[in-house]
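Engineer: Got a structure for you, questions after.
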Amino acid sequence: MPKQKNKILVSACLLGLPVRFDGQAKEIKHTIFQHWQEEDRLVPLCPEVSGGLPVPRPAAEIINGSASDVIDGRGYILTEDEEDVSRYFLCGAQHALILCRQQKIGLAILKENSPSCGSTQVYDGRFNGKLVAGQGVTATLLRQNGITVFSEHEIDAADKYVRTLLSVKNYM
31 MPKQKNKILV SACLLGLPVR FDGQAKEIKH TIFQHWQEED RLVPLCPEVS
81 GGLPVPRPAA EIINGSASDV IDGRGYILTE DEEDVSRYFL CGAQHALILC
131 RQQKIGLAIL KENSPSCGST QVYDGRFNGK LVAGQGVTAT LLRQNGITVF
181 SEHEIDAADK YVRTLLSVKN YM
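Here it is in structure tokens:
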């Protein structure tokens, strides 16, 4: 029986699915990423869509704190029209975590800058296009639960991480 490959959760828009807020995709054209696709390692999910938001949808940003604050009920994710969409983002983050647990996924590659998926930076909450250091709700929840998160700009680092895991498993 062939050995099962470790699965990787990936933002669906990075696989070319038009699920972003603006109805677009942000497909990755990286050889390592394409190799993982060929190996059937990638498990696509758009947390915002799985949380119940439509495509397209109004842009949303984290307001009053960080993603951790949103998770703890102290912060919010609002649209520019001040509609509170926090519950959709939280539901999508929970779906991502459940999927990772069900499929024993320990690694995610998520779309940078998103209030769901940003892993190192997100928009500042003023709808002015300015980025600040921070994470999205899904990236935060996954990390809080031991899942390693990389952005689409860190494919080489993610590949190194996967190779390290494989060499440790082979050693054991």
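Per the numbering used here, the very first residue in the sequence shown carries number 31; after that it's consecutive. Just so it is clear, CB atoms sit at the ideal spot from N, CA and C, and this is done for glycine as well.
What's the gap between the Cα of Q133 and the Cα of N94?
Structural biologist: Looking at the two C-alpha atoms, the distance is approximately 34 Å.
Engineer: Bridge partners for F180 per DSSP, in chain order?
Structural biologist: For F180, which the question treats as bridged, DSSP gives the partners I139.
Engineer: Which ranges does the alpha helix (DSSP H) cover as unbroken runs of at least 4 residues, wholly within the segment 114 to 168, from first to last along the chain?
Structural biologist: Listed in chain order, the complete alpha helix (DSSP H) runs (minimum 4 residues) inside the segment 114 to 168 are 116 to 132.
Engineer: Whole angstroms are fine: how far does the CA of K35 sit from the CA of E112?
Structural biologist: Looking at the two C-alpha atoms, the distance is approximately 43 Å.
Engineer: Is L108 near A138, with beta carbons less than 8 Å apart?
Structural biologist: No.
Engineer: Would you kindly check if the distance between the Cβ of P88 and the Cβ of E110 is under 8 Å?
Structural biologist: Yes; because the gap between Cβ atoms is below 8 Å, this pair is in contact.
Engineer: Which value, in whole angstroms, describes the spacing of the CA atoms of M202 and R193?
Structural biologist: Because M202 carries a pLDDT of 39, less than 50, the predicted location of this residue cannot be relied on, and no value is offered for it.
Engineer: To which residues does DSSP link A90 through a beta bridge?
Structural biologist: DSSP lists T109 as partners of A90.
Engineer: Could you give the DSSP three-state label for P77: helix, strand or coil?
Structural biologist: In this structure, P77 counts as helix in the three-state DSSP scheme.
Engineer: Please tell me whether P145 and E91 are closer than 8 Å, where the distance is taken between their beta carbons.
Structural biologist: Yes, the pair counts as a contact, with Cβ atoms nearer than the cut-off.
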